[in-house]
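**Student:**
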Amino acid sequence: MEIVPLGVGDAFAKTLYQTNFLVRPADGEPFLVDCGHTASRALRALGLELRAVPRVVVSHLHADHIGGLEELGFAGYFGWGLRPRLYVPENLLPWLWPHALEAGMGQRLRGDDGFFEARLETYFEVTALAGGGAFDLGSVRV
């Protein structure tokens with residue numbers, strides 16, 4: 351397994367990116383621990399595209415840890431035709447859409463059966479993480 355820091359800066363970092371991590375398991379798909387708004391640029395600096403890492407573990411709801419989810423969700427829905435997977439602690443899940451993402455991502459979309467209101471599950475496959483402890487993501491204990 352390889353853990354790659356995507357940044358060492360704080361919420362206001364201009365050059366060091368924000369503290370997010372790329373985890374590359376020995377087997378299985380890579381994933382991000384958090385996805386702040388500098389995550390896609392940090393990945394690109396490593397020669398990777400955001401599409402190559404469509405799984406994100408959310409630690410908490412500060413913008414420097416989730417600010418890139420809007421880009422990820424929109425790119426998946428409108429560009430890639432897939433819904434990236436989010437792993438979110440269950441106590442944060444009721445807050446993620448209405449208090450963090452809905453203002454930018456909530457909109458009326460046209461589907462096969464007419465118009466509908468977008469919601470978190472429109473853009474992401476969401477897995478609620480029970481409790482506040484560790485969990486297994488493939489071969490990795492997070």
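Residue numbers (the numbering used here): 351 to 492.
Don't be surprised by glycine CBs; every beta carbon is placed ideally from N, CA and C.
Can you tell me which of the three DSSP states L435 falls into?
**Tutor:** In the sequence on display, residue 435 carries Arg and not Leu. In this structure, R435 counts as strand in the three-state DSSP scheme.
**Student:** Got a sec, what are the start and stop residues for the alpha helix (DSSP H) P444 sits in?
**Tutor:** Looking at the DSSP string, the run of the alpha helix (DSSP H) that includes P444 is 443-446.
**Student:** Using 8 Å as the Cβ pair cut-off and three pairs as the minimum, do the stretch 358-370 and the stretch 383-402 touch?
**Tutor:** A contact exists between the stretch 358-370 and the stretch 383-402.
**Student:** Could you check the C-alpha separation between L446 and E421 for me, to the nearest Å?
**Tutor:** In a straight line, the C-alpha of L446 is about 15 Å away from that of E421.
**Student:** Using DSSP's beta-bridge definition, name the partner residues of V403.
**Tutor:** Paired residues: none, contrary to the question.
**Student:** What do you reckon, are the CB atoms on V408 and L442 nearer than 8 Å?
**Tutor:** The answer is yes: Cβ separation under 8 Å.
**Student:** What residue range is occupied by the uninterrupted alpha helix (DSSP H) comprising A413?
**Tutor:** Counting along the chain, the alpha helix (DSSP H) containing A413 begins and ends at 413-416.
**Student:** Nearest CA to the CA of L419: which residue from T472, L396, A395?
**Tutor:** Of T472, L396, A395, the residue nearest in Cα terms is T472.
**Student:** Are the CB atoms of P434 and G423 within a distance shorter than 8 Å?
**Tutor:** Taking 8 Å as the Cβ cut-off, G423 and P434 qualify as a contacting pair.
**Student:** Please classify F428: does DSSP put it in a helix, a strand, or coil?
**Tutor:** It is helical.
**Student:** In terms of residue numbering, what span does the beta strand (DSSP E) encompassing R460 cover?
**Tutor:** It spans 458-461 - the beta strand (DSSP E) in which R460 sits, taken as one unbroken run.
**Student:** In the DSSP assignment, find the alpha helix (DSSP H) that holds E452 and state where it starts and stops.
**Tutor:** First-last of the alpha helix (DSSP H) with E452: 452-455.
**Student:** So, is A413 buried or exposed, given that buried needs 16 or more other C-beta atoms within 10 angstroms?
**Tutor:** It counts as exposed.
**Student:** Under DSSP, the beta strand (DSSP E) around R394 begins and ends at which residues?
**Tutor:** Counting along the chain, R394 falls outside any beta strand (DSSP E), though it belongs to the alpha helix (DSSP H) covering 389-395.
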